[in-house]
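A.B. asks:
Residue numbers (this note's numbering): 214 to 525.
#1: Check for me: the beta strand (DSSP E) holding residue 425 runs from which residue to which?
#2: Residue 416 and residue 400: beta carbons closer than 8 Å?
#3: Cα separation between residue 315 and residue 321?
#4: Would you mind sorting residue 487 into buried or exposed? The rule is 16 or more other CB atoms within 10 Å of its CB.
#5: Helix, strand or coil, according to DSSP, for residue 320 in the structure here?
#6: At which residue ranges does the segment 394-425 contain complete alpha helix (DSSP H) runs of 4 or more residues, listed in the order of the chain?
#7: What is the residue span of the beta strand (DSSP E) that residue 375 lies within?
#8: Since residue 387 is in the alpha helix (DSSP H), which residue starts that stretch and which ends it?
#9: Output yes or no for whether 8 Å exceeds the beta carbon distance between residue 375 and residue 353.
#10: Can you tell me whether residue 235 is buried or exposed, with buried defined as 16 or more other CB within 10 angstroms of its CB?
#11: I'd like to know whether the C-beta atoms of residue 448 and residue 328 end up nearer to each other than 8 Å.
#12: DSSP beta-bridge partners for residue 445?
#13: In the structure shown, what three-state DSSP assignment does residue 277 receive?
#14: Using 10 angstroms around the beta-carbon of residue 490, count the other beta-carbons present and answer buried if the total reaches 16, otherwise exposed.
#15: Name the DSSP bridge partner or partners of residue 261?
#16: Distance, Cα to Cα, residue 412 vs residue 382?
#17: Measure the beta-carbon distance from residue 260 to residue 283 and round it to whole angstroms, keeping in mind my assumption that it falls under 8 Å.
#18: When the Cα atoms are used, what is the spatial distance from residue 452 to residue 248?
#19: As a quick exercise: from 391, 432, 492 and 458, pick the residue whose alpha carbon is nearest that of residue 425.
#20: Going by DSSP, what residues sit across from residue 353 in a beta bridge?
#21: Using 10 angstroms around the beta-carbon of residue 342, count the other beta-carbons present and answer buried if the total reaches 16, otherwise exposed.
#22: Starting from residue 243, follow the alpha helix (DSSP H) in both directions and report where the run begins and ends.
#23: When you compare only the Cα positions, how much space is there between residue 281 and residue 336?
#24: Can you give me the C-alpha to C-alpha distance between residue 474 and residue 230, rounded to a whole angstrom?
#25: In this structure, does DSSP put residue 334 in helix, strand or coil?
#26: Between which two residues does the alpha helix (DSSP H) harbouring residue 225 extend?
#27: When every heavy atom of the ligand GTP is checked, does at least one fall within less than 7 Å of the C-beta of residue 481?
#28: Do the CB positions of residue 459 and residue 324 come within less than 8 Å of each other?
#29: Please classify residue 430 as buried or exposed, where buried requires at least 16 other C-beta atoms within 10 Å of its C-beta.
#30: What is the DSSP secondary structure of residue 248, reduced to helix, strand or coil?
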């Protein structure tokens, strides 16, 4: 592994002596360095909750002549593109192996709390109303955000009609699926650092065709908000070896529950219909573990033939 990035070394060496505000800035830079590099001193202060002058003084305290030189160092940090091992070291370098589980879980708890305290309730209500009145709903998320998009699409399909989970294997495939999107439709774009250009282009395409755009992202400064009038902000963590998407998933859950509450009768009817279909076609009959008291009753598959399996 190469030598530690100069800026990260300065942050680590001086951390104990930093003021409370400086520690907030250091934590923000280490966790969201790819976002920090594009912020002005004022925007960074706004993001962290300190004044612009505190940001400038922090840059100078680290040995830089001013904020522009400090921002250049942030750009260099992105260009080095820390590998997974380096990113893990930045976040978890001082943690002993025995503390990893509790530390990671606590970190996720903190992100949910931060999301809960900062989320825009009006934007959330607007997202619910927009989805309820949409003719078609498109959902897009790429790479680590793909499971979130898939999860949301699955439940939206039980609540709303005409839900399209956009397949994202290639840019051309994305635009082919969005070709009929219009002003009566809505697209939900899910993206966290490092932001996906394909997701951004899909939102731009939808916006140009007057479709409503909802984003689930990590900051009002996220490029995903360029084409959106409704932003759901959830905290994530890109500095560790894996993306922490616990808080975004909680927001997705809240969105699904809110929609279910608005359409209780339709959802109940849909679920009753599905139960009948599952029974008729034995969807789950060979794939369930039945609990009887404290023991598990295994399904009897001895009578199942290749022919019946094919029908299932």
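Backbone N, C-alpha and C define an ideal beta-carbon position, used for all residues, glycine too. Note that the structure is predicted; figures quoted are calculated from it, not measured.
C.D. replies: Walking through what the data contain:
#1: Position 212 of the chain shown, counting from 1, holds the residue named residue 425. Per DSSP, residue 425 belongs to the beta strand (DSSP E) from 425-430.
#2: Working through the chain shown from its first residue, we reach residue 416 at position 203. Working through the chain shown from its first residue, we reach residue 400 at position 187. Taking C-beta atoms as the reference points, residue 416 and residue 400 count as a pair closer than 8 Å.
#3: Residue mapping note: residue 315 aligns to position 102 of the chain shown, counting from 1. Residue mapping note: residue 321 aligns to position 108 of the chain shown, counting from 1. So the alpha carbons of these two residues sit roughly 10 Å apart.
#4: Mapped onto the chain shown, residue 487 falls at position 274. With fewer than 16 other Cβ atoms from the protein chains shown falling within 10 Å of its own Cβ, residue 487 counts as exposed.
#5: One-based indexing of the chain shown puts residue 320 at position 107. In the three-state DSSP reduction, residue 320 falls in the helix class (H, G or I).
#6: Counting whole runs of 4 or more residues, the segment 394-425 contains the alpha helix (DSSP H) stretches 410-421.
#7: One-based indexing of the chain shown puts residue 375 at position 162. Segment: none, residue 375 is in no beta strand (DSSP E) and carries neither H nor E.
#8: In the chain shown, the residue the question calls residue 387 occupies position 174. It spans 384-390 - the alpha helix (DSSP H) in which residue 387 sits, taken as one unbroken run.
#9: Taking the first residue of the chain shown as 1, we reach residue 375 at position 162. Taking the first residue of the chain shown as 1, we reach residue 353 at position 140. In this structure, residue 375 keeps its C-beta atom at 8 Å or more from the C-beta atom of residue 353.
#10: Your numbering for residue 235 matches position 22 in the chain shown. Buried is the call here.
#11: The residue you call residue 448 lines up with position 235 of the chain shown. The residue you call residue 328 lines up with position 115 of the chain shown. The beta carbons of residue 448 and residue 328 sit closer together than 8 Å.
#12: Within the chain shown, the letter at position 232 stands for residue 445. According to DSSP, which records beta bridges pairwise, residue 445 is partnered with 429.
#13: Here residue 277 refers to the residue found at position 64 when the chain shown is read from its first residue. Coil.
#14: Reading the chain shown from its first residue, position 277 is the one you call residue 490. Burial call: exposed.
#15: Mapped onto the chain shown, residue 261 falls at position 48. Answer is none; residue 261 lacks a bridge partner.
#16: Along the chain shown, one-based indexing puts residue 412 at 199. Along the chain shown, one-based indexing puts residue 382 at 169. Cα to Cα, the separation comes out at about 12 Å.
#17: To locate residue 260, count along the chain shown from 1; it is residue 47. To locate residue 283, count along the chain shown from 1; it is residue 70. That belief does not hold up - the Cβ atoms of residue 260 and residue 283 are roughly 15 Å apart, past 8 Å.
#18: For the purposes of this step, residue 452 is taken as residue 239 along the chain shown, with counting starting at 1. For the purposes of this step, residue 248 is taken as residue 35 along the chain shown, with counting starting at 1. Per-residue confidence for residue 452 stands at a pLDDT of 49, beneath the threshold of 50, marking its modelled position as unreliable; no derived number is given.
#19: Working through the chain shown from its first residue, we reach residue 425 at position 212. It is 391.
#20: Counted from its first residue, the chain shown places residue 353 at position 140. The partner list for residue 353 (beta bridge, DSSP) reads 402.
#21: What you label residue 342 is simply residue 129 of the chain shown in a count that begins at 1. By the Cβ-count criterion, residue 342 is exposed, with fewer than 16 other Cβ atoms from all chains shown falling within 10 Å of its own Cβ.
#22: The count along the chain shown starts at 1 and reaches residue 243 at position 30. Here the alpha helix (DSSP H) through residue 243 covers 233-244.
#23: On the chain shown, residue 281 is found 68 positions in, with the first residue counted as 1. On the chain shown, residue 336 is found 123 positions in, with the first residue counted as 1. For residue 281 and residue 336, the distance between alpha carbons rounds to 34 Å.
#24: Reading the chain shown from its first residue, position 261 is the one you call residue 474. Reading the chain shown from its first residue, position 17 is the one you call residue 230. Spanning the two alpha carbons is a distance of roughly 50 Å.
#25: Along the chain shown, read from residue 1 onward, the residue named residue 334 stands at position 121. Here residue 334 sits in helix by DSSP.
#26: On the chain shown, residue 225 is found 12 positions in, with the first residue counted as 1. Looking at the DSSP string, the run of the alpha helix (DSSP H) that includes residue 225 is 219-227.
#27: For the structure depicted, the ligand GTP is absent and the ligand set is empty, with no information on it obtainable.
#28: By one-based count along the chain shown, residue 459 stands at place 246. By one-based count along the chain shown, residue 324 stands at place 111. For residue 459 and residue 324, yes; Cβs fall inside 8 Å.
#29: Your numbering for residue 430 matches position 217 in the chain shown. Taking a 10 Å sphere around the C-beta of residue 430, we find 16 or more other C-beta atoms and assign the residue as buried.
#30: Against the chain shown, residue 248 aligns to sequence position 35. In the structure shown, residue 248 sits in a helix (DSSP, three-state: H, G or I).
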